[in-house]
Amino acid sequence: MMKQMEELVKLLNKYAHEYYVLDNPTVSDKEYDALYDRLVELEKQTGVILFNSPTKRVGGEPISAFKKHRHLERLYSLDKATEFEQIKAFDKRIRKEYNEEIVYTVEYKFDGLTICLTYDQGMFVRATTRGNGVEGEDVTAQVLTVKSFPLTIDFKGKIEVQGEAIMRLSVLDEYNKTADEPLKNARNAVAGAIRNLDPKVTEKRRVEIMFYNVNYIENGEIASQAECVKFLRNNGFKVHPFFKICNGISDVMSAVKDIEINRKSLDILTDGAVIKVNDFNLRNILGSTDKFPRWAIAFKFEAEEVTTILKDVIWQVGRTGKLTPLGLLEPTELAGATVRKATLNNYGDLMRKGVKKGARVLVRRSNEVIPEILGTTEIYSHCEDIVKPIACPYCNTELVEIGANLFCPNNNCRQRVVAKLVNFASKNGVDIEGFSEKTAALLFDKFSVRNFSDLYRLDREAVRGLEGYKDAKTENLITAIEQSKTVSFANFIYALGIENVGRKTAKDLSERFSVLDNLMRATKADLLTIDDVGDVVADCIVQYFASEENKLEIDKLLSLGVKINYQTQKKEGAFSGERVVLTGSLHDFKRDEAGKIIEELGGEILSSVSKKTTLVIAGEGAGSKLDKARALNIKIIDEDTFKLLIKS
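Numbering (the working numbering), first residue to last: 1 to 648.
The following block contains the structure:
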């Protein structure tokens with residue numbers, strides 16, 4: 001099961017990179033969502049979230065072509081439900097915290113691109129994409145061509161509003177009549193319009209934005225989702241007319257059914273309904289997980305199915321060596337997209353479903369998203385059995401069979417090495433800017449780059465001799481590699497690619513053990529003292545540092561000039577042991593400045609109030625976070641007390 005999760009994580013991250021960073025999606029949204037749902041299911045079954053799982057994420061990373069912008073408040077994605085029983089379970093969990101009938105709201109879930117607009121002094125300041133939820137891409141120039149939002153509003157404080165950029169289906173049809181290259185669907189059309197460097201492209205596609213949320217509001221109080229929608233309308237934002245206030249879960253399910261029936265007649269692409277707790281005070285009490293708010297859920301509609309001919313099966317090899325079969329289909333239309341590929345989990349799944357070349361197979365798009373081969377509906381006389389591979393299709397190494405899965409045991413297999421290099425160079429790793437899967441493959445082929453340390457031995461003149469690598473591109477790569485030599489301890493741990501060690505665990509390890517030598521000597525018992533590190537993760541860490549090969553590679557990295565920056569480790573001071581949330585406006589400090597002071601004095605900065613929070617520093621205009629802190633009986637201090645603690 002762990003091997004299946006690793007392969008899913010690798011595939012999903014590849015697709016997300018192609019979609020969000022390269023603007024060149026190779027799979028449909030439906031395909032991605034089905035793989036994502038399967039990963040979520042496996043994570044629930046195992047209780048493990050892999051180090052680079054896309055479920056940690058609210059998304060993809062900002063691209064370097066756009067200026068980056070940090071949101072005033074984090075933008076969360078929503079947990080999903082596909083059955084009404086899951087909606088009932090959602091309601092039951094909430095009523096454990098608040099033993100009364102809950103008032104909910106139900107709205108359409110539009111299938112577009114999330115946009116966040118910032119206003120200050122009543123004037124539009126910027127527009128950004130959601131990005132990874134914390135930091136997005138500044139797309140102000142593109143969004144300025146959109147005419148469905150106001151440039152000035154009545155509210156004069158600082159505010160962020162959230163909406164969905166959409167392209168109407170009728171507009172898409174009209175656009176395609178004269179387009180040199182017709183657009184496949186409205187979702188990709190609007191994403192390409194907003195995330196295009198040329199604002200003229202955005203203007204031609206006649207993008208609109210439907211607003212539904214106030215993500216941050218300064219010195220202003222909004223008490224409910226109903227008030228939020230009213231506020232948006234009153235300030236000139238475009239809001240879809242369908243908005244239901246529901247007394248209890250029965251009303252919610254009735255409203256969702258109305259959406260499911262009526263959505264087909266809409267001129268807007270929609271893939272579900274969004275259910276939210278109406279009362280903001282209750283939302284503050286319920287809080288959020290690392291991924292989703294506990295007070296909202298998205299109901300996604302049932303899968304659509306179709307039959308088509310399976311032309312062939314190819315085998316993909318992941319970072320861990322697992323082989324995954326991918327079905328190549330006779331192209332067919334399904335839920336508004338052309339389907340050419342469909343997933344199969346492993347060789348055992350392929351055999352269980354009786355899949356054969358030339359057979360007619362049943363294909364499903366889970367939640368209107370991704371194709372999966374469910375089984376075989378017709379087998380003809382000309383059909384051929386799928387030949388079980390004996391050797392790796394990339395390196396020709398004899399395969400190993402474990403349970404229902406086939407594995408390539410060759411650690412030097414090109415596909416496996418490329419994936420490891422990409423992880424090492426990623427933003428959460430040593431952060432080699434511009435380093436891609438294509439770059440890793442080229443370096444593997446031309447210079448036999450197999451290990452992380454090989455990157456730091458690259459010869460500038462040799463790189464310049466590569467096809468397409470003229471002076472500027474060569475200098476960019478060599479400079480980026482050189483700059484990556486100074487890396488934080490947490491990022492260095494992540495870059496090593498230790499199984500099941502993600503960004504958060506890497507940070508926890510860096511704080512717990514302070515320096516690399518301490519971590520390398522840590523016992524399983526030492527590791528289990530860290531929150532969220534269990535037996536599986538601890539075993540992976542111990543096994544990694546027990547490997548002589550891994551220790552030798554670390555020595556090589558350090559000898560080649562890689563320097564680990566330990567300065568971010570916790571210090572002793574007035575805030576030692578405190579988990580602090582800053583809210584509201586401080587007179588004498590910018591929020592970032594106050595945060596740095598707290599960290600220098602031993603504290604840890606949190607973005608939201610939860611049961612783990614030990615201290616809230618409340619400035620002027622503190623709102624929902626302050627309310628939640630009071631509800632949870634968390635210690636609260638003002639700016640004057642904060643100053644006294646600093647001086648002490």
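Cβ coordinates follow ideal geometry from the N, Cα and C atoms, glycine included. No experiment lies behind these values; they were computed from the predicted model shown.
Considering only their Cβ atoms, is the gap separating residue j from residue i smaller than 7 angstroms?
{"i": "residue 160", "j": "residue 39", "result": "no"}
{"i": "residue 610", "j": "residue 287", "result": "yes"}
{"i": "residue 524", "j": "residue 538", "result": "yes"}
{"i": "residue 242", "j": "residue 229", "result": "no"}
{"i": "residue 307", "j": "residue 330", "result": "no"}
{"i": "residue 363", "j": "residue 310", "result": "no"}
{"i": "residue 431", "j": "residue 510", "result": "no"}
{"i": "residue 80", "j": "residue 273", "result": "no"}
{"i": "residue 581", "j": "residue 603", "result": "no"}
{"i": "residue 157", "j": "residue 236", "result": "no"}
{"i": "residue 129", "j": "residue 139", "result": "yes"}
{"i": "residue 249", "j": "residue 226", "result": "no"}
{"i": "residue 162", "j": "residue 213", "result": "yes"}
{"i": "residue 648", "j": "residue 594", "result": "no"}
{"i": "residue 376", "j": "residue 354", "result": "yes"}
{"i": "residue 556", "j": "residue 488", "result": "no"}
Is it buried or exposed, residue i, if we count other Cβ atoms within 10 angstroms and call 16 or more buried?
{"i": "residue 69", "result": "buried"}
{"i": "residue 290", "result": "exposed"}
{"i": "residue 352", "result": "exposed"}
{"i": "residue 391", "result": "exposed"}
{"i": "residue 654", "result": "The requested residue 654 is not part of the displayed model; the chain covers only 1 to 648."}
{"i": "residue 521", "result": "exposed"}
{"i": "residue 314", "result": "exposed"}
{"i": "residue 679", "result": "Outside the modelled stretch of the chain, which goes from 1 to 648, sits residue 679, for which no answer is possible."}
{"i": "residue 5", "result": "buried"}
{"i": "residue 28", "result": "buried"}
{"i": "residue 396", "result": "exposed"}
{"i": "residue 175", "result": "buried"}
{"i": "residue 373", "result": "buried"}
{"i": "residue 253", "result": "buried"}
{"i": "residue 536", "result": "exposed"}
{"i": "residue 89", "result": "exposed"}
{"i": "residue 385", "result": "exposed"}
{"i": "residue 256", "result": "buried"}
{"i": "residue 409", "result": "exposed"}
{"i": "residue 278", "result": "buried"}
{"i": "residue 11", "result": "buried"}
Leaving out the 5 sequence neighbours to the left and right, which residues in its chain are closer than 8 angstroms to residue i when beta-carbon positions are compared?
{"i": "residue 190", "result": "112, 113, 165, 166, 167, 205 and 207"}
{"i": "residue 471", "result": "464"}
{"i": "residue 480", "result": "432, 433, 434 and 435"}
{"i": "residue 292", "result": "76, 77, 78 and 79"}
{"i": "residue 501", "result": "51, 493, 494, 509, 537, 540 and 541"}
{"i": "residue 137", "result": "62, 63, 66, 67, 68, 69, 128, 129, 131 and 195"}
{"i": "residue 563", "result": "485, 486 and 487"}
Looking only at its chain, what residues have a beta carbon closer than 6 angstroms to the beta carbon of residue i, apart from the 5 residues adjacent to it on each side?
{"i": "residue 406", "result": "323, 347 and 399"}
{"i": "residue 635", "result": "615"}
{"i": "residue 217", "result": "159"}
{"i": "residue 332", "result": "306, 308 and 339"}
{"i": "residue 678", "result": "Outside the shown range of the chain (1 to 648) lies residue 678, about which nothing can therefore be said."}
{"i": "residue 425", "result": "432 and 435"}
Return yes when the C-beta of residue i is under 6 angstroms from any heavy atom of the ligand GTP, and no when it is not.
{"i": "residue 530", "result": "By its list of ligands, the structure shown contains no ligand whatsoever, and the ligand GTP lies outside what it can speak to."}
Spatial neighbours of residue i within its chain, please: CB distance less than 7 angstroms, with the 5 preceding and 5 following residues excluded, ordered by chain position.
{"i": "residue 417", "result": "444 and 450"}
{"i": "residue 22", "result": "Low confidence applies here, because residue 22 scores a pLDDT of 46, under 50, leaving its location unreliable; read the following figure in that light. Nothing meets the Cβ criterion."}
{"i": "residue 507", "result": "490"}
Residue i to residue j, Cα distance in whole Å?
{"i": "residue 179", "j": "residue 147", "result": "22 angstroms"}
{"i": "residue 527", "j": "residue 411", "result": "27 angstroms"}
{"i": "residue 588", "j": "residue 155", "result": "25 angstroms"}
{"i": "residue 108", "j": "residue 620", "result": "35 angstroms"}
{"i": "residue 632", "j": "residue 285", "result": "7 angstroms"}
{"i": "residue 341", "j": "residue 312", "result": "10 angstroms"}
{"i": "residue 583", "j": "residue 30", "result": "39 angstroms"}
{"i": "residue 268", "j": "residue 110", "result": "7 angstroms"}
{"i": "residue 53", "j": "residue 381", "result": "43 angstroms"}
{"i": "residue 460", "j": "residue 394", "result": "29 angstroms"}
{"i": "residue 3", "j": "residue 401", "result": "12 angstroms"}
{"i": "residue 328", "j": "residue 442", "result": "27 angstroms"}
{"i": "residue 106", "j": "residue 349", "result": "38 angstroms"}
### Message
So within the region 599–642, which uninterrupted alpha helix (DSSP H) runs reach at least 4 residues, ignoring any that extend past its ends?
### Response
As far as the region 599–642 is concerned, its whole alpha helix (DSSP H) runs of at least 4 residues are 624–631.
### Task
With a floor of 3 residues, list each beta strand (DSSP E) that falls wholly inside the region 308–338, ordered by position along the chain.
Runs of the beta strand (DSSP E) lying entirely within the region 308–338 and spanning at least 3 residues, in chain order: 323–334.
### Query
Considering only residues of the region 69–141, which uninterrupted alpha helix (DSSP H) runs meet the minimum length of 4 residues and lie entirely inside it, listed in chain order?
Correct list: 84–97.
#### Entry: Entirely enclosed alpha helix (DSSP H) segments - the region 399–468, minimum 4 residues
If we require 4 residues or more, the alpha helix (DSSP H) runs fully inside the region 399–468 come out as 414–425, 437–447 and 460–464.
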